[in-house]
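Shown next, in structure tokens, is the structure this report addresses.
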Amino acid sequence: MTFHKFNRNFSSVLSKLTTYVVGDQVTISRKITKEEVEEFTRISGDTNPIHTGDKAIVHGAFLNSIVSGVIGTKLPGPGGCCDSTDIELPK
1 MTFHKFNRNF SSVLSKLTTY VVGDQVTISR KITKEEVEEF TRISGDTNPI
51 HTGDKAIVHG AFLNSIVSGV IGTKLPGPGG CCDSTDIELP K
């Protein structure tokens, strides 16, 4: 992934471009609750039955939003902005 780092008020792009390589990593642990999935269903409007009930599958967009949070808070951190992601979700 390639990230552009912005200043705190996002008014200008910093002159440095940081490139991360395979092997760079950050680890988080988080339990996604049924209530969060229900709230995401309500917000997104994605009422596909696979996302409801006792064996609900978490929305891929919800998981991608967690990745966005990691980019903005941990890797690279505040001001980080990702150009693109390529995420493979488990089947």
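The letter at position 82 of the sequence shown is residue 82 when you use UniProt numbering, and the numbering goes up by one with no holes. Beta carbons are placed, not taken as given, at the ideal position from N, Cα and C, and that holds for glycine. As the structure is a computational prediction, the values presented were derived from the model and not from experiment.
>> Check whether the region 38 to 50 and the region 68 to 82 touch, using three or more Cβ-Cβ pairs below 8 Å as the test.
In response: no
>> If contacts are defined as beta-carbon pairs under 8 Å, then Val58 and Ile32 qualify, I think. What distance do you get, rounded to the angstrom?
In response: 6 Å
>> Which of the three DSSP states is assigned to Phe80 in this structure?
In response: The residue asked about is misnamed: residue 80 is Gly in this sequence, not Phe. In this structure, Gly80 counts as strand in the three-state DSSP scheme.
> What residue does the alpha helix (DSSP H) around Ser29 start on, and which one ends it?
Replying inline: Taken as a continuous stretch (DSSP letters only), Ser29 belongs to no alpha helix (DSSP H), as it is neither H nor E.
>> One question on the structure: do Val37 and Lys74 come within less than 7 Å of each other, judged by their Cβ atoms?
In response: no
> Does the beta-carbon of Pro76 have 16 or more other beta-carbons within 10 angstroms, so that it is buried, or is it exposed?
Replying inline: buried
>> Please report the distance separating the alpha-carbon of Pro90 from that of Gly60.
In response: 10 Å
> Of the residues Ser29, Ala56, Gly79, Ile28, which one's Cα is nearest the Cα of residue 130?
Replying inline: Any answer about residue 130 is impossible in this case: the structure gives the chain only from 1 up to 91.
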